[in-house]
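Chemist: Residue numbers (the working numbering): 51 to 232. All C-beta atoms in this analysis are idealised placements derived from N, C-alpha and C, irrespective of residue type, glycine included. What follows is a single structure, and I will ask about it in a moment.
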């Protein structure tokens, strides 16, 4: 019979290390590295805030109603420019070439500081839509911040404009009992 190996020799892991009291130090090190990486990634997370806010989360458009009003509010100290359009859900489509049975007025608007703006969505008709179910479209809003003043540009030389884009559902409902903005 041969000599049996010592306890530590027969229980080595794939890295050739002997576990002490059931701990695998290599796996513990990997786990600790992942937790540390996650912690520092969370510290580097940035938040974005938009100047223009839309009231509600979706637009319900009853089929018999002439138009629906969407209210915008600018909480910033400077004015903002907004562009609004409705599309079929293709994020790569150019707003100029989208074909939907709605028109938004005004499509481009200046929202003054600490004030609001109303956008009117009007159903124009066009190709017939189903009467037995709701039709889904998407309301898009692009918030364009103002250009900084000359003093800021002289001091910093350049600037980065961070535009915010929002997308909300527009549900064209054949039921005339629902109304408005939810």
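Going by the beta-carbon positions, is the gap between residue 118 and residue 171 smaller than 7 Å?
Modeler: yes
Chemist: How about residue 82: is its C-beta nearer than 7 Å to some C-beta of chain C?
Modeler: In the displayed structure, chain C is absent; only one protein chain is listed.
Chemist: Quick check on the DSSP output: the alpha helix (DSSP H) that includes residue 134 runs from which residue to which?
Modeler: Run containing residue 134: none in the alpha helix (DSSP H); it sits in the beta strand (DSSP E), 130-137.
Chemist: So what does residue 190 bridge to, in DSSP terms?
Modeler: 135, 217
Chemist: Would you call the region 121-131 and the region 103-112 touching, i.e. three or more CB-CB distances under 8 Å?
Modeler: yes
Chemist: How should residue 227 be labelled, buried or exposed, when 16 other C-beta atoms within 10 angstroms of its C-beta is the threshold for buried?
Modeler: Caution applies to residue 227, whose pLDDT of 49 falls short of 50 and renders its modelled position unreliable; the value that the coordinates give is listed next. Exposed: under 16 other Cβ atoms inside 10 Å.
Chemist: Kindly indicate the opening and closing residues of the alpha helix (DSSP H) around residue 200.
Modeler: Here the alpha helix (DSSP H) through residue 200 covers 200-206.
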